[in-house]
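In the UniProt record's numbering, the protein residues as written are 1 to 354.
Note that the Cβ used here is the ideal one computed from N, Cα and C, for glycine as well.
What follows is one structure encoded as structure tokens, with my remarks underneath.
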């Protein structure tokens, strides 16, 4: 999706019968700004069609377990033989090598072994699952995109393509680099709710409001913290436990929590909306598009009746846009066959439904 948002001509190769995603294709926002062709990779002509596409492409992305594309005849060696400038991106959880490489896994599995999962959650409870944002997207696809774009620049400069091995375990571990630095310096404890950024500090966390909502507080710097106390109506003096003393953080947290519990989320939003206290309301996914700042920036857009995040980041000369709705499996096979001059796609490959 990100490459498509940036303007790339992205062609998704779908198998007969569609994917295993349990939502209607028209709602699968990740497939916006793409075209879809159907190819049966187990048919006699399926791999040849993919090789024909690879010969004309700048980048090929695949997410199979290691060795699968090689067995299908569309691995890196076969594709680069047809197109030496090709960037061959491989997205997996465990990576292309290592003892776990051939085994199954999901976002949570990969986060678990990197230490990233162990950062989130209460000290006296289990770690929290951060949806699949941190692994699949943060440590996975975003690193893949950075990798293939860097490799594409190299290919355009030298004429030499390469393989990009993007493993979620590698990306997720890389995201924890700052924490590892703090850990080695003695500025981070290897347990939850004992540190600045994990909910341990009372000036960096969430607080329940009178109506059951929550406010997010991120007043790390001293001057922002002073404004937080001021807006809460708390004195910045000896009456309030010092923020510099972790031994008294529980006292300070209880004091701050008691103040937030006195008003609703909307009331606290009004109190802090023009301040530098670094306080914001915690919104749901459905509420987020209506936030005044996000609405002013058009952070969310509506395209063909579907509200979705707008392309990011923003460019002054080549802005991204939602140009096409989510691709319908196989709907563009004939069009791509014509545009890419890949006759092996036309007529579309047919095979048994799976």
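Report the option in 309, 307, 293 and 1 whose CA atom is closest to the CA atom of residue 141.
-> 1
Residue burial classification, residue 162 (beta-carbon count within 10 angstroms, cutoff 16) = That one is buried.
Roughly how many angstroms separate the alpha carbons of residue 70 and residue 76, rounded to a whole number?
-> 7 Å
Any idea what DSSP makes of residue 307, helix, strand or coil?
-> strand
Is it buried or exposed for residue 341, if we count other Cβ within 10 angstroms and need 16 for buried?
-> exposed
Beta-ladder partner(s) of residue 59, from DSSP | 87
If we ignore side chains and look at the alpha-carbon of each, how far apart do residue 11 and residue 33 end up?
-> 9 Å
Residue 258 beta carbon less than 9 Å from that of residue 227 = no
Around the Cβ of residue 414, are there at least 16 other Cβ atoms within 10 angstroms (buried) or fewer (exposed)?
-> Nothing about residue 414 can be read from this structure; the chain reaches only from 1 to 354.
Cα-Cα separation between residue 106 and residue 168, rounded to whole angstroms | 10 Å
Between residue 297 and residue 287, what straight-line distance do the alpha-carbon atoms span, to the nearest angstrom?
-> Approximately 15 Å between the Cα atoms of the pair.
Identify whether residue 18 lies in helix, strand or coil by the three-state DSSP scheme.
-> coil
Please state if the CB of residue 119 and the CB of residue 198 are separated by a distance shorter than 9 Å.
-> yes
List the endpoints of the continuous alpha helix (DSSP H) containing residue 256.
-> Looking at the DSSP string, the run of the alpha helix (DSSP H) that includes residue 256 is 249-260.
Helix or strand or just coil, what does DSSP make of residue 353?
-> Confidence at residue 353 is low in this model, with a pLDDT of 41, below 50, so its placement is unreliable and no value can be given for it.
Please work out which residues of its chain come closer than 6 Å, Cβ to Cβ, to residue 194, disregarding the five sequence neighbours upstream and downstream, and give them in chain order.
-> 200
Taking only the alpha-carbon atoms, compute the straight-line gap between residue 334 and residue 40 and give it to the nearest angstrom.
-> 15 Å
Of the residues 295, 8 and 304, which one's Cα is nearest the Cα of residue 59?
-> Selected option, being the one with the closest Cα: 8.
What are the partner residues of residue 302, as DSSP defines its beta bridges?
-> DSSP output for residue 302 lists 307 as bridge partner(s).
What are the complete alpha helix (DSSP H) segments, minimum 4 residues, inside the stretch 255-296?
-> 265-272
Residues in its own chain within less than 8 Å of residue 160 by CB, not counting five upstream and five downstream?
-> 84, 85 and 154
Cβ pair residue 281, residue 216 closer than 9 Å | yes
Given a threshold of 16 other Cβ atoms within 10 Å of its Cβ, counted over all protein chains shown, does residue 307 qualify as buried or as exposed?
-> exposed
Whole-angstrom C-beta distance between residue 218 and residue 204, which should lie under 8 Å = Indeed they touch by this definition, with Cβ atoms about 6 Å apart.
Residues bridged to residue 207 (per DSSP) | Residue 207 pairs with 215.
Identify every residue that forms a DSSP beta bridge with residue 36.
-> Paired residue(s): 12.
Between the beta-carbon of residue 26 and the beta-carbon of residue 127, is there less than 9 Å?
-> Cβ distance not < 9 Å, so residue 26 and residue 127 don't count as in contact.
Buried or exposed: residue 317, going by 16 or more other Cβ atoms within 10 Å of its Cβ?
-> Using a 10 angstroms sphere on the CB of residue 317, the tally of other CB atoms stays under 16, which defines it as exposed.
Under three-state DSSP, which class holds residue 106?
-> coil
7 Å Cβ shell around residue 49 - same chain, five flanking residues per side excluded | These residues qualify, in order along the chain: 39, 342, 344, 345 and 349.
Burial state of residue 14, where buried means 16 or more other Cβ atoms lie within 10 Å | With 16 or more other CB atoms across the displayed protein chains lying within 10 angstroms of its CB, residue 14 is buried.
Would you kindly work out how many angstroms separate the C-alpha atoms of residue 264 and residue 20, rounded to a whole number?
-> 42 Å
Close-in-space but distant-in-sequence residues of the same chain around residue 328 (CB under 6 Å, 5 per side omitted) = 25
Where residue 96 sits in the DSSP three-state scheme = coil
Cβ separation of residue 368 and residue 31, assumed to be a contact under 8 Å, to the nearest whole Å = Coverage of the chain is limited to positions 1 through 354, which leaves residue 368 absent and any answer about it impossible.
Looking at the unbroken beta strand (DSSP E) that takes in residue 165, where does it start and where does it end?
-> 162-167
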